[in-house]
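**Q** Those letters in the sequence shown? Residues 1 to 606, by the UniProt record's numbering.
Every residue, glycine too, gets a C-beta built ideally from N, C-alpha and C.
None of these values were measured; they are calculated from a predicted model.
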Amino acid sequence: MLKFSMLGTAVFSTAVCANSATTDLEHISIYANRSAKPVHQVNASVTVVERSDIDLLQPKDLPALLQTLPGIHIARQGSQGQLVSVFVRGANTKHTLILIDGVRTGSSSAGYQDISQIPVELIEKVELIRGPRAALYGSDAVGGVIAITTRQTPSTQVVLRTGSHGLGQTAIHGRYQFDKSEIFASTGYSKADGINVMAIPGADPDRDGFTNRFVRAGARQQFNDGSLQYTTQLVRGFNEYDDYPSSYGRYHDQAKVKQDLHQLKAEFNQQLNSVQLAHQAHFALNKDDSLNYGNEVASSLFHTERQEFEYQLNAALNESLTLISGVVSRNEQVEFQSVDESRRTNSVFVGAGQQIGHLNLEATVRRDHTSSYGSSNTYQWGMSYQVVAPLQLRFNQGSAFKVPTFNDLYYPFSSNPDLLPEQSLSREAGLRFTPAGSYQWQFDLVHFQRDMVNMIIWNSKSKPSPKPENLVEAKIHGLEYSMAARTGLVQHQLAVTYTAGEYVHSVTGGLPDIPKQKYNYLASVELGDWQVSGSLMYRDEVRNRFTGVPQLKSVVLAGAGVHYRINDRFQVRLNLDNLFDRDYNTTVGYHQPGREFSLSLQSLWL
C-alpha cells in the first residue's frame, strides 16, 4: 500500500515500511536551537534526513546524500573516498561546523572535517542547518552546521552491498537491552578499486581506490530522571589520490586517516514547582590523524587532539517561555612537522524563546575567549509569525566568526601569526507552508544574504614569501526553495538553490567557485512490497568568481532505484547513479565516475 510523508522544510520523505497513507510533520530538530523541536516550529532553515530517507535514496556516501539538499554544494576530487569540499550557502568548507552526536569534529590543522571519511552506514539522522549558528556553537558555524546522529537500531541488522568499480561494503548493527540498561555496537567495512581521478595530462593514470573501517560501541544506563551514556567511535580510512603534475617535484599519492571519538554524556531532568529543568553535560575526546605518504616522497603526519567539556541547562518557565544557557571549555593541540601548538577556548552562552500568540521570538548571545586572540562576541535572533494556520513568515539575523586554522598560523615557511578571525553578519527571510491533515503540498522559500570581512586567502604576491592574509571583503546572497507534493500514487520532492556573490575588496579572489543554480528532483512510489524512485539533478556551469572565466560546464544527471521487501526480515535494493553516463566534473581537473550501480541486501533480526 502507499505511504506519503512530508518533512516541512525538508525535501525528503519517510517512505519505507508504511501501513497507511499518512502525512508526518513531526520530524524533530535537536541541534538548530540546542533543544528538541518539530522542524516546522524552528525559526532557522533546517532539513532533517532520517534513516528511512537514507534507505530510500541509497546514497553511496554522505557527500552524495548532502548534495541532494537545498543550500549546499559538494565538490569532489574524484570518486568515492577522495577529498570532498562542502559549501553551505556559498561559504567555504572551513565555514561549516560538523557535529557528531553533538561533539565538534574535524582537523584543527586544516580547519574542517573531511566528510568522505564518515561512513553513511554509521548515520541515523542528519540535520543540515543553514545560516550562522556561532551564538550557539562558536567558531566555524558561519555558513551552517551539519549535525549527525549515529545509528540507533532497535534490533540486529546486517547490510551487504556490492557495486561498480569493485565496491564492496558490509555492516553489522546490534543492541541488547535489559531492564534500564543497554549496550550497543556497530561495525563495518567498505572498499572500492576506484577510478583514475586525475583529468590532467601527465598525471598518474592508475585507479585510485579506498578502504574504510569503523567500530562504534557503547552503553547506556537509564535512571528515574536521567541517563548516563558512554560511546566510543573509531574510523580508519585509506585512499589513493593524484595531485597536479609539477616541475617542483613529486607529491604524495596515498593517505591514511584515523578518527577517534570518545564521549561520556549525562542527562538529568528536574521539576522545581512549575519550572522544568533539563541538565546536559558531556566530556569528549576527539583525535584526528592524517598521514600522507608514497610516491617516494617523505611522509607527513598531522595530529589533532581536542578535549571538550560542555554543560547546558534548558529551563521551561511556562508553556510559552524557555531559557537556555551553557558553558564550554575546549583545548586543541596540533602536531605536524616541527610544529607543536595548542590553544584553549572558554565559552558561555545564554538565550531565550517566547511564544506570544501567533508570534514566536528567540535570541541568543555568546562570548568565546580563545587563548590566541582574546574574546569574540556573537549573537543571533529570530522571529516567526503564523499568518494563518499553515502559513508562516520568519526572519533571522546572526553574527559569526572563524578563528584561523593552525596551518594558517604555524605551517613552516608559509604561515602568518598575525591573522585575525574571519567575521560575518547574515540575514534571512522565509515563507513556510506546512499544513496539517490531508494536505498534499508544502513548501519553504528563503532569501539569505551574508557580509564577510577579514576573509583569509592565500596571497601569492606577499613579500618576502607567499602566506595567508586577511584580504577579502565579500557579499553573498541567494534563494532556497524546497517543496514536497503528491499527485496520485507519486510522491515528489524538489530542492532549488540559487547562490551568488560579489567582492567588496579582494586581490586574488577568496569566494568558492560554485554553480549559481542547482535543482534536485526526486519522485517515488510504493506499491505493496515494491518501491521505485527516480531522480534528476541539474547543476549550472561554474565560473571563477574573481575573473568570470568558465571552469566547469553545466550538467544534468539522472538516477533510479528499486526496493523490494522480501519479507519482514529481508530487503533488497538496486540503485543506478549517472544513469545516462554523463561526463562531468565537480572540481577542475578531477574525473567523476560514469554510470554506477549498487546492489544491497539488508537483514533484520529481532
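(1) By how many angstroms is the C-alpha of Q271 removed from the C-alpha of S190?
(2) Quick one: measure Cβ to Cβ for Q354 and S320, integer angstroms, because I've assumed they're closer than 8 Å.
(3) What did DSSP end up calling A134 once you bin it into helix, strand or coil?
(4) When you compare only the Cα positions, how much space is there between S116 and N360?
(5) Considering only the beta carbon of each residue, do K454 and L420 sit closer than 9 Å?
(6) May I have the straight-line CA-CA distance separating P593 from P119, to the nearest angstrom?
(7) Could you please give the first and the last residue of the uninterrupted beta strand (DSSP E) stretch that includes R161?
(8) I'd like to check one pair, G194 with Q380: are the Cβ atoms closer than 9 Å?
(9) What's the call for R569, buried or exposed, on a 16-neighbour Cβ count within 10 Å?
(10) At which residues does the alpha helix (DSSP H) containing L393 begin and terminate?
(11) Use the C-beta contact count for F406: other C-beta atoms within 10 angstroms, 16 or more gives buried, fewer gives exposed.
(12) Counting only the same chain and skipping the five closest in sequence on each side, list residues whose C-beta sits under 7 Å from that of E341.
(13) Going along the chain, which residues of its own chain have a beta-carbon closer than 8 Å to the beta-carbon of S299, five neighbours each way excluded?
(14) Could you pull the DSSP bridge partners for D340 from this structure?
(15) Could you compute how far the alpha carbon of residue 614 sits from the alpha carbon of N92?
(16) Along the chain, where does the beta strand (DSSP E) containing A560 start, and where does it finish?
(17) Out of K475, Y590, S603, which one is the CA nearest neighbour of N196?
(18) Would you check if the stretch 499–519 and the stretch 472–484 touch, i.e. whether three or more CB-CB distances between them fall below 8 Å?
(19) Any idea what DSSP makes of S372, helix, strand or coil?
(20) How many angstroms separate the CA atom of L576 from the CA atom of P132?
(21) Which residue from W530, A523, A485, R545 puts its Cα closest to that of V507?
(22) Scan the stretch 91–152 and note each continuous beta strand (DSSP E) run of 3 residues or more that stays entirely inside, going in chain order.
(23) Go through its chain and collect everything with a Cβ distance to G237's Cβ below 6 Å, but skip five positions before and after it.
(24) Any idea if H369 is buried or exposed, counting beta-carbon neighbours within 10 angstroms, 16 or more meaning buried?
(25) So residue 637 and R366 are in contact, right, with Cβ under 8 Å, and what is the actual spacing, rounded?
(26) Taking C-beta to C-beta, are D444 and Y498 nearer than 9 Å?
(27) Going by DSSP, what residues sit across from A217 in a beta bridge?
(28) Pop quiz: Q263 and D101 are said to be a contact at Cβ under 8 Å. What is the actual Cβ separation, rounded to whole angstroms?
(29) Measure the CB-CB distance between V403 and A429 and report whether it falls below 9 Å.
(30) Given that a residue counts as buried once 16 or more other Cβ atoms are within 10 Å of its Cβ, and exposed if not, what is G106?
(31) Suppose the cutoff is 6 Å on Cβ atoms and the five residues either side in sequence are ignored; what does the same chain contact list for H303 look like?
(32) In the stretch 445–504, which residue ranges form an unbroken alpha helix (DSSP H) of at least 4 residues, counting only runs that do not cross its ends?
(33) Measure the Cβ-Cβ separation of T150 and I183 and say whether it is below 9 Å.
(34) How long is the line joining the alpha carbons of A110 and T345, rounded to whole angstroms?
**A** On the basis of the coordinates in this document:
(1) Your numbering for residue 190 matches position 190 in the sequence shown. Your numbering for residue 271 matches position 271 in the sequence shown. Looking at the two C-alpha atoms, the distance is approximately 47 Å.
(2) In the sequence shown, residue 354 corresponds to position 354, counting from 1. In the sequence shown, residue 320 corresponds to position 320, counting from 1. That pair is a contact at about 6 Å.
(3) Here residue 134 is taken as the residue at index 134 of the sequence shown, counted from 1. Residue state, collapsed to three classes: helix.
(4) Along the sequence shown, read from residue 1 onward, the residue named residue 116 stands at position 116. Along the sequence shown, read from residue 1 onward, the residue named residue 360 stands at position 360. Their Cα atoms are separated by approximately 38 Å.
(5) As a position in the sequence shown, residue 454 is number 454, starting the count at 1. As a position in the sequence shown, residue 420 is number 420, starting the count at 1. Before going further, note that residue 454 is Asn rather than Lys in the sequence given. Yes.
(6) The residue labelled residue 593 in the question sits at position 593 within the sequence shown. The residue labelled residue 119 in the question sits at position 119 within the sequence shown. Their Cα atoms are separated by approximately 19 Å.
(7) For the purposes of this step, residue 161 is identified with residue 161 of the sequence shown, where counting begins at 1. Looking at the DSSP string, the run of the beta strand (DSSP E) that includes R161 is 156–163.
(8) Counted from its first residue, the sequence shown places residue 380 at position 380. Counted from its first residue, the sequence shown places residue 194 at position 194. No, the pair does not count as a contact, with Cβ atoms beyond the cut-off.
(9) Start at 1 with the first residue of the sequence shown, and residue 569 comes out as number 569. Looking at its Cβ environment, which holds fewer than 16 other Cβ atoms inside 10 Å, R569 is exposed.
(10) Here residue 393 is taken as the residue at index 393 of the sequence shown, counted from 1. Careful: L393 lies outside any alpha helix (DSSP H), inside the beta strand (DSSP E) at 391–402.
(11) The residue given as residue 406 occupies position 406 in the sequence shown. The Cβ neighbour count for F406, taken over all protein chains shown within 10 Å, is at least 16; the residue is labelled buried.
(12) Looking up residue 341 in the sequence shown gives position 341. Answer for E341: V334, F406, Y410, listed in chain order.
(13) Position 299 of the sequence shown holds residue 299. Contacts found: H252, L291, N292, Y293.
(14) Sequence index remark: in the sequence shown, residue 340 carries index 340 (1-based). In the DSSP assignment, the residues bridged to D340 are E335.
(15) Summary: the structure shown does not reach residue 614, with the chain confined to residues 1 through 606, and so no result is reported for it.
(16) Position 560 of the sequence shown holds residue 560. Segment 555–565, the beta strand (DSSP E) holding A560.
(17) On the sequence shown, residue 196 is found 196 positions in, with the first residue counted as 1. The shortest Cα separation from N196 among K475, Y590, S603 belongs to Y590.
(18) yes
(19) Taking the sequence shown and counting its residues from 1, one reaches residue 372 at position 372. The answer is coil: DSSP assigns S372 none of H, G, I, E or B.
(20) The residue you call residue 576 lines up with position 576 of the sequence shown. The residue you call residue 132 lines up with position 132 of the sequence shown. One C-alpha to the other measures close to 35 Å.
(21) Start at 1 with the first residue of the sequence shown, and residue 507 comes out as number 507. Among W530, A523, A485, R545, the Cα nearest to that of V507 belongs to R545.
(22) 96–100, 123–130, 144–150
(23) Taking the first residue of the sequence shown as 1, we reach residue 237 at position 237. Only Q117, N212, V257 meet the Cβ criterion.
(24) In the sequence shown, counting from the first residue as 1, residue 369 sits at position 369. By the 10 Å Cβ count, H369 comes out exposed.
(25) Given a span of 1 to 606 for the chain in the structure shown, any question on residue 637 remains unanswerable.
(26) Within the sequence shown, numbered from 1, the residue matching residue 444 stands at position 444. Within the sequence shown, numbered from 1, the residue matching residue 498 stands at position 498. No, the pair does not count as a contact, with Cβ atoms beyond the cut-off.
(27) If you number the sequence shown from 1, residue 217 lands on position 217. In the DSSP output, where bridge partners are listed per residue, A217 has A185, T232.
(28) Against the sequence shown, residue 263 aligns to sequence position 263. Against the sequence shown, residue 101 aligns to sequence position 101. The Cβ separation is near 6 Å, so the contact holds.
(29) Here residue 403 corresponds to residue number 403 of the sequence shown, with the count starting at 1. Here residue 429 corresponds to residue number 429 of the sequence shown, with the count starting at 1. Contact flag unset, no.
(30) The count along the sequence shown starts at 1 and reaches residue 106 at position 106. Answer is buried; the Cβ neighbour count reaches 16.
(31) Taking the first residue of the sequence shown as 1, we reach residue 303 at position 303. Here the set comprises D289, E335.
(32) Runs of the alpha helix (DSSP H) inside the stretch 445–504: none found.
(33) As a first step, residue 150 must be located in the sequence shown, where it is residue number 150. As a first step, residue 183 must be located in the sequence shown, where it is residue number 183. No, these two residues do not count as a Cβ contact at 9 Å.
(34) Residue 110 sits at position 110 when you count from the first residue of the sequence shown. Residue 345 sits at position 345 when you count from the first residue of the sequence shown. Each residue's Cα considered, the two are about 18 Å apart.
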